[in-house]
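Read through the structure below, which is laid out as C-alpha cells, and then see the notes.
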Amino acid sequence: MIFHFVKRDFISHRLPWAILILFTIFSLMFFSYNHLIYLGLLYAYLLFAMTPMTEMTGAKWRSQHVMSRSYLLALPVERKTLFWFTQFRALIFFMPLIIFCYILPTFLPEAHRIYINFVPKNFPIGIYHVLVLVMVVWLLNCMMSLPLGFEKVWTYPTQQKRLRAYIVMIGVFLFELFLIILSCSETYLYASHPFFPLIVTSAVAFLRFYLTRRSWLTSL
Amino acid sequence: MGVNIDIQHLGYRVPHGKQVLTDMNLRIASGDFVAVLGANGAGKTTLLDLILGFRKPSQGFLKVENEKPYQDNWQSRQKTAYLSEKVDIPGDWSVDDFLKFNEYFYTHYNHDIEAGYLKLFRVKRTDRLGNMSAGEIRRVQIVAALSVEPNLIVVDEITAVLDIVGRRHFMSLLKRLNQETKCTIVLATNILEDLATNVSHVMLLRDGVVTTYEPMTTFLGGSEQAVFSQKVADLLEEDQ
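So the protein sequences, as listed, match chains E and S.
Quick note: the first sequence uses the working numbering, first residue 97, plus one each step.
Quick note: the second sequence uses the working numbering, first residue 85, plus one each step.
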C-alpha cells in the first residue's frame with residue numbers, strides 16, 4: 097500500500113524531480129570548481145524536501161485542489177499506519193539531501209575547511225552518517241508537527257492563549273535546534289565524545305517524533 | 085444492510101474552545117435516512133466527524149455497530165462512504181487518477197457501479213480536477229464514494245454546490261440506495277429541497293442540543309410535504 101502512495105507522489109512531483117536532477121547535473125558540470133555551488137545544492141535539496149509537506153499531511157480546512165486530511169483519515173487504512181506511510185513518503189523527498197550529505201565528505205573532503213562544515217576533522221564517519229539520518233528525522237517531524245500545532249492554536253478562543261501557545265511552540269523548536277547545534281559544536285562538546293551529538297540529537301528527534309505522532313492522531 | 089448508531093449522553097468540547105454538542109441521546113437504526121438540520125455552528129459537522137472517528141467525544145459515547153469510531157476500527161471504513169465539502173483532491177490529478185487512487189483502498193469497489201454513476205453524473209474520466217468547478221468535483225467524489233457499495237453514507241453539506249439536476253439525481257440515488265440496500269444515511273444539509281420526499285427521519289440541532297428527532301411522518305404530522313421547509317424554518321427560527 098505504501099508504494100501506492102509513493103507512486104502517486106512521484107507522478108505528482110515528477111516535474112520538481114526532473115528540475116532537481118537537471119539542476120544538479122548542470123551545477124556539477126559547470127560550477128564544480130566553485131565550492132559555493134555545494135552550498136546552493138544543499139539549500140536546493142532542503143527546499144525540495146520541504147515543498148510537498150502540506151500534501152503529505154493533507155489540508156485540514158477547505159482548500160480547493162489540495163489533498164484534504166479528512167479524505168486521508170476516512171480511508172480504510174489504520175491511522176497509525178497512515179502516520180508511518182506519511183513519514184516514509186516525506187523521507188523519500190529528503191533522499192537527495194541525505195545522499196548529498198553522505199557522499200560529499202567522500203568526494204570533497206576539503207569541504208569542511210572551506211564553506212560548509214559538513215564533517216569536522218577526525219569525526220568518525222560512521223557516526224556522521226547516522227547523525228545525518230537522525231537530523232533528517234528531527235527536521236521532517238518538525239515540518240509535520242509545527243503546522244499541526246499552529247492549526248490547533250488557531251482554534252484557541254483568546255489572543256492571549258494563542259500568543260502563549262505560539263511562544264511555547266517556537267521556543268521549544270528553537271531550544272531543540274540550539275541543543276543539536278551545541279552538541280555538534282566542534283569547539284565545545286563532541287571533541288572527546290563523538291557519540292555525544294548522536295545521543296542528544298536522537299533524544300530530541302525521538303521527542304519530536306512522539307509529539308508529531310500524537311498531534312497526527314488527533315489532528316481534526 | 086446498514087449500521088446502527090447509538091449515541092448516549094454525547095458531548096463534545098473543542099480543546100481550549102467552546103462546547104459544541106451537549107448531552108445528545110438518540111439511536112439511528114440500520115436503514116434510517118436521517119437529515120441533520122440546524123443553523124450554522126449548531127454542531128452538524130462535528131456530529132458527523134464523531135461518527136467517522138475524526139474526533140473523540142468529550143462526554144458520553146457514540147457507537148457505530150457497537151464500536152467507538154475514534155478507536156480507529158479502520159476495517160469498517162471499507163463500507164463507509166464519506167462525502168464532505170471539506171474533502172478536496174489535488175488539482176493536477178485527472179478524474180481517472182483520483183478514481184484509480186481511491187479504488188485501491190476498497191476491496192469491494194464495484195467498477196460497474198462506478199461506470200453507471202459516471203454516466204449519471206456526467207463525469208468524464210479524462211477531465212482534470214484543477215479545471216473543474218466545486219460542484220463538478222463533488223460529483224467525482226460521489227462517484228468514488230458510492231462505488232464501494234457502502235452500508236453507511238455520511239454526507240456533510242455537499243448538496244449546496246450541486247446544480248439543480250445534480251442535486252435531484254443525488255437525492256434520488258441516496259433514496260434508492262437506502263431502499264434497495266437498507267444502508268444507513270446521515271445527511272447534514274441546509275438545503276431543504278427534496279428532503280421531505282426522501283429522508284426517513286429529521287434531526288434538528290440547536291446550539292449542540294437535539295431539539296427534534298423523529299420520523300418524517302411524525303414530523304409532518306399529517307401536513308403536506310410542501311410545508312416541510314416552512315416547518316423546519318419556523319422551528320429553527322423559534323429556537324433562535
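Glycine included, each C-beta is placed from N, C-alpha and C at the ideal position.
Nothing here was measured: the structure is a model prediction, and the numbers come from that model.
For glutamine 155 (chain S), no beta strand (DSSP E) encloses it, and the DSSP letter there is neither H nor E.
With a cut-off of 8 angstroms on Cβ pairs, the segment 154-172 of chain S is in contact with the segment 188-195 of chain S, counting three or more such pairs. Look at tyrosine 262 (chain E): its C-beta is not under 7 angstroms from any C-beta on chain S. By the rule that beta-carbons nearer than 7 angstroms mark a contact, arginine 161 (chain S) touches chain E. In the three-state reduction of the DSSP assignment, tyrosine 224 (chain E) falls in the helix class. Closer than 7 angstroms to the CB of glutamate 174 (chain E) there is at least one CB belonging to chain S. Residue range 165-170 is occupied by the alpha helix (DSSP H) that includes tyrosine 167 (chain E). Nearest to glycine 245 (chain E) by C-alpha distance, out of E:Arg304, E:Phe292, E:Arg110, is E:Arg304. Between aspartate 105 (chain E) and arginine 185 (chain E), the alpha-carbon positions lie close to 8 angstroms from each other. Taking 7 angstroms as the threshold, the shortest C-beta distance from threonine 150 (chain E) to chain S does not fall below it.
Per DSSP, the beta bridge partners of threonine 164 (chain S) are S:Leu236. Among the residues of the segment 161-186 of chain E, those with a Cβ less than 7 angstroms away from any Cβ of chain S are His161, Val162, Met163, Ser164, Ser166, Tyr167, Leu169, Ala170, Leu171, Pro172, Val173, Glu174, Arg175, in the order of the chain. Secondary structure at glutamate 298 (chain S): strand, using DSSP grouped into helix, strand and coil.
The C-beta of valine 224 (chain S) comes no closer than 7 angstroms to any C-beta of chain E. Chain-ordered, the chain E residues with CB closer than 7 angstroms to the CB of valine 171 (chain S) read Ser164, Ser166, Tyr167.
In the DSSP assignment, valine 286 (chain S) forms a beta bridge with S:Ala119, S:Glu298.
By the beta-carbon neighbour count (other beta carbons within 10 angstroms, threshold 16), threonine 268 (chain S) is buried. Our two residues, phenylalanine 145 (chain S) and threonine 281 (chain S), have alpha carbons roughly 31 angstroms apart in a direct line.
Only residues of its own chain outside the window of five on either side were considered, and among them Val104, Leu105, Leu289, Gly292 have a CB closer than 6 angstroms to the CB of glycine 127 (chain S), listed in chain order.
By the criterion of a C-beta distance shorter than 6 angstroms, tyrosine 139 (chain E) is surrounded by no residue of its chain, once the five residues flanking it on both sides are discounted. For histidine 100 (chain E), the enclosing alpha helix (DSSP H) begins and ends at 98-108. Given a length threshold of 4 residues, each whole run of the alpha helix (DSSP H) inside the segment 223-311 of chain E is given here in chain order: 255-280. With a cutoff of 7 angstroms on beta-carbon distance, glycine 175 (chain S) and glutamine 143 (chain S) are scored as not near each other. A distance below 7 angstroms separates the beta carbons of lysine 266 (chain S) and methionine 85 (chain S).
Identification of residues in the segment 238-268 of chain E having a C-beta nearer than 8 angstroms to some C-beta of chain S yields Lys248, Thr251, Tyr252, Pro253, Lys257, given in sequence order.
Taking a cut-off of 8 angstroms on C-beta distances, the segment 119-133 of chain S touches the segment 271-286 of chain S, as three or more cross pairs fall below it. Rounded to whole angstroms, the separation of the alpha carbons of leucine 304 (chain S) and methionine 240 (chain E) is 50 angstroms.
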